[in-house]
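J.: Basically the working numbering = 1-based index in the sequence shown + 12.
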Amino acid sequence: MYFDYFTVGSKQKVAFLLITTTLAAAWLYPFPSTQSGTTNRVAGGTPANHRYPQTSQNPHAVLLASARLHNASADKHLHRRARMDGLLRKVDDRLDAIMRPLYGPSHASNLLELPDGRLLLVWFTGGNEGEEGIRIVSSYLEPGSTQWTKPTSASFAEGRSNQNPVIFYHEPDKTVRLLHTSQVAYEGQGTADVRIVESNDGGATWGAPKVLFTENGAFVKNQLIQSKDGSEWLLPMYYTPDGFLGHETQYSVIKRSADGGRTWQEHVMQGTHGNCVQPTVVRLASGTLRAWFRSRAADYIYVSDSEDDGRTWSPPRKTALPNNNSGIQACRLSNGGIVMVFNNVQGPFSRYPLTVALSLDDGASWPYLRDLEPTKDAAARRAAGQVDLSAMGEFSYPSVIQTRDGGIHVSYTYNRESIRYAKITEDWIRDGHTVGLFRAPK
């Protein structure tokens with residue numbers, strides 16, 4: 013989730029006002045620049061004492077922009093350049109589309125390949141996160157089609173804010189299931205529960221939402237996976253019982269169901285309390301479950317392993333990849349490689365750049381990285397000393413899957429205005445580079 017004034021309680025609103033006042037002061041009275049954004053790098057590709065992407069702009073402008081106090085002129089240029097019509101285009105050597113934002117600001121997408129080859133995409137939209145009227149919508153891309161369908165409403169509740177949709181397909185009953193968080197509007201994340209919606213026609217229409225988990229602050233974000241023998245559902249979740257800023261009481265769990273979601277057991281992911289949330293879980297070739305976490309400390313992505321199919325977990329440990337207290341997602345490829353999509357930056361106020369990394373050793377190293385944002389053209393303008401308007405926006409909360417044809421598909425929040433989709437390949441990742449914080453050793 014991303015901080016929004018309306019999602020928190022009174023004490024947290026005071027803290028937010030103090031933070032934004034401090035940032036505004038930093039903008040009005042900036043610190044002296046040092047070496048035009050250069051930095052010293054240490055072994056492994058991580059720079060020392062550097063907490064924002066290299067940029068010719070004043071770094072405080074990036075912080076302010078990423079806190080959604082956008083520069084109006086930058087927004088104007090971004091909107092004029094972007095064609096938000098769901099039409100597939102060739103951008104930066106990849107297939108690319110920006111969804112139609114019919115209901116307003118959009119965030120937190122999730123992708124799924126259906127048995128008939130369609131791609132299904134869901135996200136939440138309708139206003140500022142935590143406000144009334146936020147709904148889940150869906151769109152799909154037919155095989156051979158060049159345009160995503162017009163988004164349709166999948167789940168809405170009066171007086172609530174529906175967020176963070178997760179979708180999966182259950183083969184025995186040919187049903188798509190959509191899980192999402194729903195919180196009381198304007199009352200904060202501590203009021204959230206998790207709801208479920210079903211579709212019997214591949215996401216074209218949806219049934220009535222039902223409450224699934226009632227624990228205070230219950231949240232989903234990343235994909236459900238199967239148990240090792242395929243008989244159970246394993247759902248990564250996390251809790252924010254005291255709201256977004258109540259980090260000390262937040263933690264992650266695995267929910268397990270052996271009866272198609274009618275009943276659930278819960279396994280706490282040990283060592284996650286106070287920092288590690290939004291687990292994204294993959295199964296390695298060895299059978300081990302590996303989970304990576306968003307860090308509330310906005311420092312690094314953390315990782316943990318389970319050797320007993322998600323019942324117990326090793327203490328989370330830091331990886332080399334940075335994190336900015338924003339969402340991540342990983343996917344294991346058919347050849348055993350792992351792709352991770354994340355914001356290649358530290359600190360809580362920037363969600364730029366958005367990078368995809370490729371590992372060939374189960375995440376022990378990440379030798380190949382390429383930015384989804386900025387695109388190649390934006391990076392070239394940046395290298396030439398021109399203003400990179402994309403750095404004024406937010407590109408975050410990715411979803412990544414591999415389809416049966418081997419294609420890698422990514423969706424992500426595009427400047428909070430819409431959802432952007434990209435189809436890439438492993439070679440595309442290998443052929444690129446990043447302007448972000450972590451760079452693979454040469």
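Where is the CB? At the ideal position from N, CA and C, for every residue including glycine.
The model shown is predicted, which means the values in this text are computed figures rather than measured ones.
When you compare only the Cα positions, how much space is there between MET404 and LYS162?
T.: Taking the straight line from one Cα to the other gives about 28 Å.
J.: Which same chain residues end up closer than 6 Å to LYS267 when comparing Cβ atoms and leaving out the 5 residues on each side of it in sequence?
T.: So the qualifying residues of the chain are LEU247, MET249, TRP276, GLU278.
J.: Going by other Cβ atoms of all chains shown within 10 Å of its Cβ, with 16 needed for buried, is SER316 buried or exposed?
T.: So SER316 counts as buried.
J.: At the level of alpha carbons, what is the spacing between THR425 and THR387?
T.: Taking the straight line from one Cα to the other gives about 15 Å.
J.: What number of angstroms, rounded off, separates the C-alpha of PRO177 from the C-alpha of THR187?
T.: Roughly 16 Å separates the two Cα atoms.
J.: Alpha carbon to alpha carbon, how far is TYR364 from ASP389?
T.: Computed Cα separation, rounded: 16 Å.
J.: Could you give the residue range of the beta strand (DSSP E) that holds GLU385?
T.: That run of the beta strand (DSSP E) goes 380–385.
J.: Given a threshold of 16 other Cβ atoms within 10 Å of its Cβ, counted over all protein chains shown, does ASP254 qualify as buried or as exposed?
T.: Buried.
J.: On the CB-based measure, 16 or more other CB atoms within 10 Å of its CB, does LYS233 come out buried or exposed?
T.: Burial call: buried.
J.: When the Cα of ASP128 is compared with those of LEU153, ASP321, ILE148, which residue comes out closest?
T.: ASP128 has its Cα closest to that of LEU153, out of LEU153, ASP321, ILE148.
J.: Would you decide whether LEU99 is buried or exposed? Buried here means 16 or more other CB atoms lie within 10 Å of its CB.
T.: Its Cβ having fewer than 16 others within 10 Å, LEU99 is exposed.
J.: Counting pairs of beta carbons, one from the segment 119–127 and one from the segment 194–203, are three or more of them closer than 8 Å?
T.: Output reads no: the segment 194–203 does not touch the segment 119–127.
J.: Return helix, strand or coil for HIS62, following the three-state DSSP convention.
T.: With a pLDDT of only 31 at HIS62, under 50, the local geometry of the prediction cannot be trusted, and the value read off the model is given with reservation. Three-state result, HIS62: coil.
J.: Closest to THR226 by CA distance: which of VAL196, LEU236, SER243, ILE237 is it?
T.: Comparing Cα positions, the closest option is VAL196.
J.: Return the first residue and the last residue of the beta strand (DSSP E) that ARG112 is part of.
T.: Unbroken run through ARG112: none, as it is neither H nor E.
J.: Take GLY444 and list the residues in its own chain whose beta-carbon comes closer than 6 Å to its own, dropping the five residues that flank it on each side.
T.: So the list reads ARG382, once near-sequence residues are dropped.
J.: Look up GLN414 in the DSSP assignment and give the residues it is bridged to.
T.: In the DSSP output, where bridge partners are listed per residue, GLN414 has ILE420.
J.: For GLU141, which of ASN335, THR193, GLN159 has the nearest alpha-carbon?
T.: Of ASN335, THR193, GLN159, the residue nearest in Cα terms is THR193.
J.: What residue range is occupied by the uninterrupted beta strand (DSSP E) comprising ALA303?
T.: Taken as a continuous stretch (DSSP letters only), the beta strand (DSSP E) holding ALA303 covers 301–307.
J.: The alpha helix (DSSP H) spanning GLU438 covers which residue range?
T.: Unbroken alpha helix (DSSP H) run through GLU438: 438–442.
J.: Can the beta-carbon of LEU132 be found closer than 9 Å to that of GLY258?
T.: It is not a contact, given that the beta carbons lie outside the stated cut-off.
J.: SER295: which of ASP321, SER423, VAL447 sits nearest, CA to CA?
T.: Sequence inspection shows Arg at residue 295; the Ser mentioned does not correspond to that position. Minimum Cα distance to ARG295 is reached at ASP321.
J.: Bridge partners for ILE148 per DSSP, in chain order?
T.: Looking at the DSSP assignment, ILE148 forms a beta bridge with PHE136, SER167.
J.: Grouping DSSP H, G and I as helix and E and B as strand, with all else coil, what is LYS240?
T.: In the structure shown, LYS240 sits in coil (DSSP, three-state: anything other than H, G, I, E or B).
J.: Quick one: what's GLN159 bridged to in DSSP?
T.: Beta-bridge pairing links GLN159 to LEU99.
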